[in-house]
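Residue numbers (our numbering), protein chains in the order written: chain A, 347 to 626; chain B, 3 to 260.
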């Protein structure tokens, strides 16, 4: 649109400007009540009374507890947590690989043809998709609470809770990674008579292995943290230890456990890096 | 493999008519070159022959059976007897050459053998022999991302030689190679076809290669067969007519400026 301002110079306005302005205004109007509902009041942080309370709380964390007896307990709990996370992820992979491969369209023979079984495979995909949604739709803490009731206190419940939710998450991401890569190699193999799994191994895995592995390791890292939450409801490991320390208001112990967490996350980061380098 | 193509047409999803009423038949031992301007429907025809696409109307029979009417299992078997050389080889760049060639036999192998071969190739001599024929034997254990475009195209050819299909389809199989190499690769494809009494159908951009090597030429223009003749009978004016959309300039390997 060409307008002439009072000075007489030609003035060109951006036709998208008004719609963009409206979009920003509408977003703000929607966002504001949400912040209100979430009781988002960051200024409370600056309240001197609150600063004092916070300070007193944080002071308890220093210094970390380094008594030999406690460190030994932490070590055992760390191993338990790692075992829980690793076993959970291993089971999750067992759930996720078949589900992910079933859902992924890039390995669909019925898409290429013949059309006769198309409805059937569509139905199978729907069931798999629903199962995946159900697994990851329920938070792991709920699964943990439920499973603790069945298996009693201890890591079994934590492992299964992680396996179930993470199986759902991994299968969703696996199928998306498989579809976002270059699917032509797998398709070419399918058209020359290869089976789905062979086409996956020869056509799809080489180009997606890196991404699949690094996402799985990231999920392992998340599982280490999730096992803590599971620990709070009695599923053992570092979480249970942290829960006890917090209940006894023992800040030194809590900060020791937090340091261990940092080390574990750092470890996961390096494992991921190592695997990515290997698969390059 | 004998193929009958009966009145096939193919419409793309957007309604674009790629092929109209195409019919021809081909016997075992025959080699056919398909020529035509860009966008004339050569690749679509090959995709229909490879059963990657289903004809909108009409039918294709491979050795007497219509792949779109048989069971899933029978179709898989038909597909394993058809090998396609693609213009840009559908090979993951992280894969080793030996694995990319072995992939040609996935349709014949059990899943167990396929997976083991991924870790340790159960057949090394086979792929090596195929690569030797294309002067690529020394690249057996290299990764595909260290190959040039022409070398990768030859890996695609080696895969199909290793597959040993009854119907060899090739979509501009030598488009990234220099003239000397092009001739040697085409001669390998034709030798393979004749020696195993298979069938070769190749689309070619370079008209001179088609006329030099193939005993039968099918010219396609705007999705229809313009002529289906032995090369001796194909005249200059027929070719000019075929490439009218490209100002009558005949695409030759010689003037491609390699």
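Ideal Cβ placement from N, Cα and C applies to all residues, glycine included. Remember, it's a predicted structure, so these values are computed and weren't measured experimentally.
Item                                                                                                                      : Value
Proximity of residue 87/B and residue 175/B at Cβ, strictly below 8 Å                                                     : yes
Beta carbon of residue 431/A nearer than 8 Å to that of residue 569/A                                                     : yes
Residue 221/B (DSSP reduced to helix, strand or coil)                                                                     : strand
Residues that residue 117/B contacts on chain A, provided the C-beta gap is smaller than 7 Å                              : 547
Candidates 21/B, 52/B and 143/B, of which the one nearest residue 203/B by Cα                                             : 52/B
Minimum Cβ-Cβ distance from residue 44/B to chain A less than 8 Å                                                         : no
Three CB pairs or more closer than 8 Å across the segment 115-124 of chain B and the segment 171-190 of chain B           : no
Buried versus exposed call for residue 148/B [16 or more other C-beta atoms within 10 Å across all chains shown]          : exposed
Distance, residue 230/B Cα to residue 249/B Cα                                                                            : 22 Å
Inter-residue Cα distance where the pair is residue 454/A and residue 191/B                                               : 31 Å
Selected residue, minimal CA-CA separation from residue 446/A, among 415/A, 479/A and 425/A                               : 479/A
C-beta atoms of residue 606/A and residue 448/A nearer than 8 Å                                                           : no
Against chain A: residues of the segment 63-96 of chain B by CB proximity under 9 Å                                       : 69, 70, 71, 72, 73, 74, 77, 78, 79, 80, 81, 82, 83, 84, 85, 86, 88, 90, 91, 92, 93, 94, 95 and 96
Three-state secondary structure assigned by DSSP to residue 229/B                                                         : strand
Option nearest residue 417/A by Cα separation, candidates 614/A, 603/A, 624/A and 617/A                                   : 603/A
Exposed unless 16 or more other CB atoms sit within 10 angstroms - verdict on residue 378/A                               : exposed
Best match in 164/B, 212/B and 59/B for proximity to residue 136/B [C-alpha to C-alpha]                                   : 164/B
Interface partners of residue 543/A on chain B, CB under 7 Å                                                              : 113
Buried versus exposed call for residue 215/B [16 or more other C-beta atoms within 10 Å across all chains shown]          : buried
Which of helix, strand or coil DSSP assigns to residue 541/A                                                              : coil
The segment 555-563 of chain A touching the segment 392-400 of chain A, judged by at least three CB pairs closer than 8 Å : no
For residue 32/B, three-class secondary structure by DSSP                                                                 : coil
Integer Cβ distance of residue 50/B from residue 10/B, believed to fall under 8 Å                                         : 6 Å
Supposed contact pair residue 438/A and residue 520/A - C-beta distance, whole angstroms, cut 8 Å                         : Wrong, their Cβ atoms sit about 11 Å apart, outside the cutoff.
CB contact check: residue 60/B to chain A, cutoff 8 Å                                                                     : no
Candidates 128/B, 150/B, 181/B and 173/B: closest to residue 160/B by CA position                                         : 128/B
Span of the alpha helix (DSSP H), counted from its first residue to its last, around residue 181/B                        : 181-197
Assigned secondary structure, residue 554/A (DSSP; H/G/I helix, E/B strand, else coil)                                    : helix
Under 9 Å (Cβ pairs) to chain B, residues found in the segment 605-625 of chain A                                         : 625
Among 600/A, 384/A and 444/A, the one whose alpha carbon lies nearest that of residue 542/A                               : 444/A
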